[in-house]
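Asks: Going down the list, the protein sequences come from chains A and B.
Read in my numbering, the first sequence has 71 at position 71, and its numbers run on one by one without any break.
Numbers given in my numbering equal positions in the second sequence, counted from 1, plus 108.
Where is the CB? At the ideal position from N, CA and C, for every residue including glycine.
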Amino acid sequence: AQRVTQPEKLLSVFKGAPVELKCNYSYSGSPELFWYVQYSRQRLQLLLRHISRESIKGFTADLNKGETSFHLKKPFAQEEDSAMYYCALSGLRSDMRFGAGTRLTVKP
Amino acid sequence: NAGVTQTPKFRILKIGQSMTLQCTQDMNHNYMYWYRQDPGMGLKLIYYSVGAGITDKGEVPNGYNVSRSTTEDFPLRLELAAPSQTSVYFCASGPGGNTIYFGEGSWLTVV
């Protein structure tokens, strides 16, 4: 069965500091992995997906199949990055499963 | 373009009552999903559908039912509401194996 684990429920950093939100997964096939973000009073929305290998709002995430990880990173956090972040995995049947989420707070 | 629309936004139910959460999308997506979001637990998949007439169970289907008679609509039914079903419910849709788009959520309290 597919599973997504986000070990940190809360993460707090200062503005300008690097940030890394951890995500580990278990899946027997080739997964499609995503990061979704939920800003205050907004809908959950896609931040980035591994297949496109893009950087969105300064965030990047690399799929490491050996470590079964898909950590989200940003070199210099901004206050507007404060939000709830969810790692998600889409399996062969397109049943998108989410982790428990990490609440990131960027302090001024 | 409305995207994914859920109704109602807020509802209080008594234990044992039934209700249907409505979800409709205007993006002609084949895939639709229902999730519940509980504090500290993230999003749990209740049911999903890969097209009209096809539905499948997710992680936490007990106590819920769904149907998918059209591409646009994917209602979620609670037959006998229980306090454990107090949650925020999200409907989502997507073109398949890709980005999914969420509704604004429905806050349900069972008392």
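Which residue's Cα is closest to the Cα of residue 41 (chain A): A:93, A:101, A:97 and A:84?
Replies: Closest option to residue 41 (chain A), Cα to Cα, is A:84.
Asks: Kindly provide the ranges of any beta strand (DSSP E) runs that are 3 or more residues long and lie completely inside the segment 175 to 207 of chain B, ordered along the chain.
Replies: The qualifying runs are 184 to 186 and 195 to 202.
Asks: Just verifying my parser: in three-state terms, what is the DSSP assignment at residue 82 (chain A)?
Replies: Looking at residue 82 (chain A) - three-state DSSP - the assignment turns out to be coil, as it is neither helix nor strand.
Asks: Can at least three beta-carbon pairs, one atom from the segment 204 to 214 of chain B and one from the segment 133 to 152 of chain B, be found at a separation below 8 Å?
Replies: Touching, yes, given that three or more Cβ pairs across the two stretches are closer than 8 Å.
Asks: Hey, residue 214 (chain B) and residue 117 (chain B): beta-carbon distance below 9 Å or not?
Replies: Result yes, Cβ atoms of residue 214 (chain B) and residue 117 (chain B) sit closer than 9 Å.
Asks: Determine the burial state of residue 154 (chain B): buried for a count of at least 16 other Cβ atoms within 10 Å of its Cβ, exposed for fewer.
Replies: Buried, because 16 or more other Cβ atoms sit within 10 Å of the Cβ of residue 154 (chain B).
Asks: So which residues on chain A does residue 153 (chain B) lean against when the C-beta distance must stay under 9 Å?
Replies: 95, 96, 97 and 98, listed in chain order.
Asks: Check whether chain A comes within 9 Å of residue 164 (chain B), counting only Cβ atoms and requiring the distance to be less than that.
Replies: Yes, its Cβ sits closer than 9 Å to a Cβ of chain A.
Asks: Closer than 7 Å by C-beta to residue 178 (chain B): which residues in its own chain qualify, once you throw out the five before and the five after it? Chain order, please.
Replies: Answer for residue 178 (chain B): 160, listed in chain order.
Asks: Which two residues bound the contiguous beta strand (DSSP E) that contains residue 123 (chain B)?
Replies: Per DSSP, residue 123 (chain B) belongs to no beta strand (DSSP E) and is neither H nor E.
Asks: What in chain B is Cβ-close to residue 49 (chain A), meaning under 9 Å?
Replies: What residue 49 (chain A) touches in chain B: 206 and 207.
Asks: Return no unless some Cβ of chain B is closer than 9 Å to the Cβ of residue 66 (chain A).
Replies: No, because no Cβ of chain B sits closer than 9 Å to the Cβ of residue 66 (chain A).
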